[in-house]
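Participant:
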Amino acid sequence: MKRDFLAVTDFTSKEIKDVLTIAKVVKHMHRWGDDPKPLAGKHSALMFRKPSLRTRASFETGIRQLGANTLFFSDKEIGMGERESIHDVAKVMSRYFDLIVIRTYEHSEIVEFAKYCEVPVVNALTDLLHPCQIMGDIFTIMECKNRIDDVSIAYLGDGGNNVANSWVNLASRIPIDLRIGTTEDRQPDEKILENAKKNGASKITITDNPVEAVDNVDVIYTDVWASMGEKEKIQQRQEKLAKFQVNNELLSNAKDDVIFMHCLPAERGREVTDEVMDGEHSVVFEQAENRLHIQKAIILQLFGERF
Numbered sequence: 043m044k045r046d047f048l049a050v051t052d053f054t055s056k057e058i059k060d061v062l063t064i065a066k067v068v069k070h071m072h073r074w075g076d077d078p079k080p081l082a083g084k085h086s087a088l089m090f091r092k093p094s095l096r097t098r099a100s101f102e103t104g105i106r107q108l109g110a111n112t113l114f115f116s117d118k119e120i121g122m123g124e125r126e127s128i129h130d131v132a133k134v135m136s137r138y139f140d141l142i143v144i145r146t147y148e149h150s151e152i153v154e155f156a157k158y159c160e161v162p163v164v165n166a167l168t169d170l171l172h173p174c175q176i177m178g179d180i181f182t183i184m185e186c187k188n189r190i191d192d193v194s195i196a197y198l199g200d201g202g203n204n205v206a207n208s209w210v211n212l213a214s215r216i217p218i219d220l221r222i223g224t225t226e227d228r229q230p231d232e233k234i235l236e237n238a239k240k241n242g243a244s245k246i247t248i249t250d251n252p253v254e255a256v257d258n259v260d261v262i263y264t265d266v267w268a269s270m271g272e273k274e275k276i277q278q279r280q281e282k283l284a285k286f287q288v289n290n291e292l293l294s295n296a297k298d299d300v301i302f303m304h305c306l307p308a309e310r311g312r313e314v315t316d317e318v319m320d321g322e323h324s325v326v327f328e329q330a331e332n333r334l335h336i337q338k339a340i341i342l343q344l345f346g347e348r349f
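FYI, in my numbering the residues of the sequence shown are 43 to 349.
What follows is the structure, given as structure tokens:
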């Protein structure tokens, strides 16, 4: 039976930890110049309706390192739901490829595509969720803290975006202390929050006080205040979210060994200062590299491949 990865919650707690273990092995082998090709002879398609740098680069590179071929399709070539129905595109692509990676707008589009697609589908970002990002993030935290259970994470800024929603999803699988510092009008999706609490996420705190959010935390995390396609809203949000800027003063309220994370791209001087981005607590670029390794691990998990 084929598996998809559209949300963090598509994996059980055990499967998430299995994927982290696979990523650790994959990364170690890559560092030693040994990239096994368990997917040799397979073919994948990257269907991106949204532009991308890190996501496209890490998926294309990772898939090739696993031995598979990959083709990229932009929105102009796809026309999914416009020139051709999602159903028909999914059926056709299933006949050509062994894996489909999709980056699109409405989450319902990828859900519908996966319903009719006969091969594994991976969510490379929708407006609602960004699961591969969060898997890479928790892998980075595991490397830095040697644990993931009971790690305290303060997410600051736009609490209503796809990254924040995906952190909430993760909290229903891994017992983390998640604190979201945001304004009343930029909180996580209500349905996602409700489902997370029903499924065991007992430590989710939402506060409009940034100092309270970061008090004695292990991890401070932020993202841009206006996501792709929302840049016209940045000035309005700037006024409301300014107090959530991650700077050295705010950082001083966290643990001495706190790590700073950002999914990139960053608007330096807005949600984070240069001093923090380039400072001793920042693991931003290790975090970016880990997208490569975790996505390879996710794909291997979907195919049931082991080294």
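No residue lacks a Cβ here, since even glycine has one placed at the ideal position from N, Cα and C.
Return the Cβ separation of Val164 and Asp140 in integer angstroms, given the expectation that the two are a contact with Cβ distance under 8 Å.
Facilitator: Start at 1 with the first residue of the sequence shown, and residue 164 comes out as number 122. Start at 1 with the first residue of the sequence shown, and residue 140 comes out as number 98. Not really, about 12 Å apart at Cβ, beyond 8 Å.
Participant: Quick one: grab the DSSP three-state call for Leu344.
Facilitator: Start at 1 with the first residue of the sequence shown, and residue 344 comes out as number 302. Secondary structure of Leu344 (DSSP, three-state): helix.
Participant: Report the residue from Ala213, Glu57 and Lys118 whose alpha carbon sits nearest the alpha carbon of Ala238.
Facilitator: Counting from one through the sequence shown, the residue named residue 238 turns up at place 196. Closest by alpha carbon: Ala213.
Participant: Check the C-beta distance from Phe47 over to Pro173 and give it rounded, since I have them as a contact under 8 Å.
Facilitator: The sequence position of residue 47 within the sequence shown is 5, counting from 1. The sequence position of residue 173 within the sequence shown is 131, counting from 1. About 6 Å separates the two Cβ atoms, so the contact holds.
Participant: Which first and last residues belong to the alpha helix (DSSP H) in which Ala65 is found?
Facilitator: Here residue 65 is taken as the residue at index 23 of the sequence shown, counted from 1. First-last of the alpha helix (DSSP H) with Ala65: Ser55 to Arg73.
Participant: If you scan the region 242-315 from start to end, which runs of the beta strand (DSSP E) of 3 or more residues do you find wholly inside it?
Facilitator: 246-249, 261-264 and 301-304
Participant: Mapping DSSP to helix, strand and coil, what is Leu212?
Facilitator: Residue mapping note: residue 212 aligns to position 170 of the sequence shown, counting from 1. Helix at Leu212.
Participant: Going residue by residue through the region 77-125, where are the continuous beta strand (DSSP E) segments of at least 3 residues, counting only ones entirely within it?
Facilitator: 85-90 and 111-116
Participant: Can you give me the start and stop residues for the beta strand (DSSP E) that Gly223 sits inside?
Facilitator: Locating residue 223 in the sequence shown gives position 181, where the first residue counts as 1. Segment Asp219 to Gly223, the beta strand (DSSP E) holding Gly223.
Participant: Does the structure place the region 76-92 close enough to the region 332-349 that three or more beta carbon pairs sit under 8 Å?
Facilitator: yes
Participant: Does Phe47 come out as helix, strand or coil in the three-state DSSP assignment?
Facilitator: If you number the sequence shown from 1, residue 47 lands on position 5. Phe47: strand per DSSP, three-state reduction.
Participant: Which residue marks the beginning of the beta strand (DSSP E) containing Leu141, and which one marks its end?
Facilitator: One-based indexing of the sequence shown puts residue 141 at position 99. It spans Leu141 to Arg145 - the beta strand (DSSP E) in which Leu141 sits, taken as one unbroken run.
Participant: Confirm, please, whether the CB-CB distance from Lys338 to Val68 is below 8 Å.
Facilitator: Stepping through the sequence shown from its first residue, residue 68 is reached at position 26. Stepping through the sequence shown from its first residue, residue 338 is reached at position 296. The Cβ atoms of Val68 and Lys338 sit closer than 8 Å to each other.
Participant: Taking the beta strand (DSSP E) that Ile195 belongs to, which residues open and close that run?
Facilitator: Here residue 195 is taken as the residue at index 153 of the sequence shown, counted from 1. Where Ile195 is concerned, the enclosing beta strand (DSSP E) starts and stops at Ser194 to Leu198.
Participant: Starting from Val134, trace the alpha helix (DSSP H) both ways and give me its first and last residue.
Facilitator: Residue mapping note: residue 134 aligns to position 92 of the sequence shown, counting from 1. First-last of the alpha helix (DSSP H) with Val134: Ile128 to Tyr138.
Participant: DSSP state of Val164, grouped into three classes?
Facilitator: Taking the sequence shown and counting its residues from 1, the one referred to as residue 164 is at position 122. Strand.
Participant: Shortest alpha-carbon distance to Met135 belongs to which of Glu119, Val288 and Leu198?
Facilitator: For this step, residue 135 is matched to residue 93 along the sequence shown. Nearest of Glu119, Val288 and Leu198 to Met135, Cα basis: Glu119.
Participant: Could you please give the first and the last residue of the uninterrupted alpha helix (DSSP H) stretch that includes Leu235?
Facilitator: As a position in the sequence shown, residue 235 is number 193, starting the count at 1. Unbroken alpha helix (DSSP H) run through Leu235: Glu232 to Lys240.
Participant: Tell me which residues share the same chain as Asp101 and place their Cβ nearer than 7 Å to its Cβ, disregarding the 5 neighbours each side in the sequence.
Facilitator: Counting from one through the sequence shown, the residue named residue 101 turns up at place 59. For the sequence presented, residue 101 should be read as Phe rather than Asp. Same-chain partners within the cutoff: Leu88, Val143, Ala166 and Gln337.
Participant: Do Glu236 and the ligand NAD come close, with the Cβ less than 7 Å from some heavy atom?
Facilitator: The ligand NAD is not among the ligands present in this structure, which contains no ligands whatsoever.
Participant: With distances taken between CB atoms, is the gap from Asp257 to Asn204 smaller than 8 Å?
Facilitator: If you number the sequence shown from 1, residue 257 lands on position 215. If you number the sequence shown from 1, residue 204 lands on position 162. Going by C-beta atoms, Asp257 is not nearer than 8 Å to Asn204.
Participant: Let me know if Ala149 comes out buried or exposed under the rule of 16 or more other beta-carbons within 10 Å of its beta-carbon.
Facilitator: What you label residue 149 is simply residue 107 of the sequence shown in a count that begins at 1. One detail in the question is off: residue 149 reads as His in this sequence, not Ala. Flag for His149 reads buried.
Participant: Three or more C-beta pairs closer than 8 Å, one from the region 104-116 and one from the region 316-327: is that the case here?
Facilitator: no
Participant: As a quick exercise: from Asp219, Cys159 and Arg145, pick the residue whose alpha carbon is nearest that of Asp180.
Facilitator: Residue 180 sits at position 138 when you count from the first residue of the sequence shown. The question names Asp, but residue 180 is Ile in the sequence shown. That would be Asp219, whose Cα lies nearest to the Cα of Ile180.
Participant: Provide the residue span of the alpha helix (DSSP H) that contains Val153, from first to last.
Facilitator: Mapped onto the sequence shown, residue 153 falls at position 111. Counting along the chain, the alpha helix (DSSP H) containing Val153 begins and ends at His149 to Tyr158.
Participant: Assign Leu95 to one of two classes, buried (16 or more other C-beta atoms within 10 Å of its C-beta) or exposed (fewer than that).
Facilitator: Numbered from its first residue, the sequence shown carries residue 95 at position 53. Exposed, by the Cβ-count rule.
Participant: Spatial neighbours of Arg145 within its chain, please: C-beta separation below 7 Å, excluding the five flanking residues on both sides.
Facilitator: Along the sequence shown, one-based indexing puts residue 145 at 103. Excluding positions up to five away in sequence, the list reads Phe90, Arg91, Lys92, Ser94, Thr97, Ala166 and Leu167.
Participant: Below 6 Å CB to CB, which residues in the same chain sit around Ala65 once its five sequence neighbours on both sides are set aside?
Facilitator: In the sequence shown, counting from the first residue as 1, residue 65 sits at position 23. Taken in chain order, the residues that qualify are Phe181, His335, Ile336 and Ala339.
Participant: Considering only the beta carbon of each residue, do Thr249 and Glu313 sit closer than 8 Å?
Facilitator: The residue labelled residue 249 in the question sits at position 207 within the sequence shown. The residue labelled residue 313 in the question sits at position 271 within the sequence shown. No; because the gap between Cβ atoms is not below 8 Å, this pair is not in contact.
Participant: Round the Cβ separation of Asn290 and Val318 to the nearest angstrom and send it over; I've been treating them as touching at under 8 Å.
Facilitator: For this step, residue 290 is matched to residue 248 along the sequence shown. For this step, residue 318 is matched to residue 276 along the sequence shown. Their Cβ separation, rounded to whole angstroms, is 6 Å, which keeps Asn290 and Val318 in contact under 8 Å.
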